[in-house]
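K.L.:
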Amino acid sequence: MLKKITARLAATCLIIAAGQALATPLSIELPEETARLKQSTHSGYQVAVQKCSICHSADYINLQPPGMNLKQWTAEVGKMQHAYGAPITDEEVKLIGAYLAGTYGSEKIPDSGL
1 MLKKITARLA ATCLIIAAGQ ALATPLSIEL PEETARLKQS THSGYQVAVQ
51 KCSICHSADY INLQPPGMNL KQWTAEVGKM QHAYGAPITD EEVKLIGAYL
101 AGTYGSEKIP DSGL
């Protein structure tokens, strides 16, 4: 009886070990990013490239209503910081908001920043 249990246990372990040897790690290959932020010399551009893409693609910006002003864009970026926990400082919120308002919105903000 003990020999049967030992043999079954050994067979089970052998099957599990064989299955592990055949298993391959899951690999996911993402396509190249096709959406890009509009380039600018505005100081908020580099911050936006670095920080915004942590959570979403640049396509998200194009989904916003056209013609948003500085206050609206800054509020939208602030929402990302406060409601969604985006890792950006208050100063970065202002820089990104100014870049977005000048590039995608209705504001005429100098490229050098605020």
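Residues 1 to 114 (UniProt numbering) make up the sequence shown, in order. Positions of the beta carbon are idealized from the N, C-alpha and C atoms, including for glycine. Since we're looking at a predicted model, the values are computed, not measured.
#1: Looking at Ile54: is its Cβ nearer than 8 angstroms to the Cβ of Leu100?
#2: The alpha helix (DSSP H) that contains Ser43, what's its start and end?
#3: Can you give the Cα-Cα distance for Tyr84 and Ala35, rounded to whole angstroms?
#4: How many angstroms separate the CA atom of Ala58 from the CA atom of Ile15?
#5: Tell me the rounded alpha-carbon separation between Gly97 and Ala17.
#6: Our contact map puts Lys38 next to Thr89 with C-beta atoms below 8 angstroms; I'd like the distance itself, whole angstroms only.
#7: DSSP three-state label for Ile96, please.
#8: Could you give the residue range of the alpha helix (DSSP H) that holds Leu70?
#9: For Ala79, count neighbouring C-beta atoms within 10 Å of its own C-beta (all shown protein chains included) and say buried if the count is 16 or more, exposed if not.
P.N.:
Here's the rundown:
#1: No, they are not a contact pair.
#2: Its alpha helix (DSSP H) spans residues 43-52.
#3: In this model, Tyr84 and Ala35 are separated by some 22 angstroms (Cα to Cα).
#4: Pairing Ala58 with Ile15, the inter-Cα distance amounts to about 48 angstroms.
#5: The alpha-carbon atoms of Gly97 and Ala17 are separated by roughly 55 angstroms.
#6: The Cβ separation is near 23 angstroms, so there is no contact.
#7: Ile96: helix per DSSP, three-state reduction.
#8: 70-82 is the extent of the alpha helix (DSSP H) around Leu70.
#9: Reading off the sequence, residue 79 comes out as Lys, not Ala. Exposed is the call here.
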